[in-house]
Amino acid sequence: GGKLISFTAIVAAGNGDGSCAIAKGKHVEAVKAIEKATRKCHRFSALEHFDLYDGRTVFHDHKTKFKKTKIIMLASKAGMGLRAPPVVRAMCECIGIQDIQVKFHGSRNRTAMIKAFWKALKEQQNPATVARFRGMAVVDTAMLRGGYGKGCSTVFTLPGQAISKK
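Okay, so the sequence shown: first residue is -7 according to our numbering, each after it adds one.
Written as structure tokens, this is what we have:
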């Protein structure tokens, strides 16, 4: 009696507009493992939606940890491209992220990297939601005179304060 060989496949499927799903499938045949993961991935319950800044990047820099894998996810300016390991780059293409920098420390296991990136995306906070929770308003500094242009972060202002667009 020896061990049975089994294959594990992780599939990511997305619409390129912020929605994505990942699923894992195991089987004794590689093709069946991929098919199983794809079926799981196409279930509506597996689908997650992520808000993107300017439709191309994450809202803010974020650090998190999944088991022994540490991830640093950095928002990038327009045109910077995907600076990430190939596994994460494929997920970014599924989600629709065009500009991001991702660094990993610790375990470089592909499954752990995927799960750490997924966790970092889920922990990301939309500034509009945070502002509503704090009772503040959100203003994009790119629209203000003297702002740093597209790709810069948002600022919070107190409600009732007028912001002039000179």
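Using N, Cα and C, we set each Cβ at its ideal position, and we do this for glycine too.
Between the beta-carbon of L44 and that of I(-3) there is about 40 Å, and that puts the pair past the 8 Å contact cut. Counting along the chain, I64 sits inside the beta strand (DSSP E) bounded by residues T61 to A67. Look at the beta carbons and you see the region 76 to 96 touching the region 44 to 57: at least three pairs across the two are nearer than 8 Å. Taking C-beta atoms as the reference points, K28 and H41 fail to come closer than 8 Å. With contact defined as three or more Cβ pairs closer than 8 Å, the region 97 to 108 and the region 61 to 77 are in contact.
Exposure of S37 is indicated by the presence of fewer than 16 other C-beta atoms within 10 angstroms of its C-beta. Residue burial annotation: G71 is exposed, with fewer than 16 other C-beta atoms found within 10 angstroms of its C-beta. Sequence-distant Cβ neighbours of K107 in its own chain, meaning closer than 6 Å and more than five residues away, are F58. The bridge partners DSSP lists for S11 are H41. Beta-bridge partners assigned by DSSP to A1: G17.
The bridge partners DSSP lists for Q116 come to none. Non-local C-beta neighbours of V3 in its own chain, meaning closer than 6 Å and more than five positions away in sequence, comprise A15, A29, T30 and C33, ordered along the chain. Scanning its chain for C-beta atoms nearer than 6 Å, with the 5 sequence neighbours on each side dropped, one finds around G10 the residues H41, F42, L44 and G88, in chain order.
Excluding five sequence positions before and after A13, the CB atoms of its chain that fall closer than 8 Å to its own CB belong to A4, A5, G6, C33, H34, R35, A38, L39 and E40, given in chain order.
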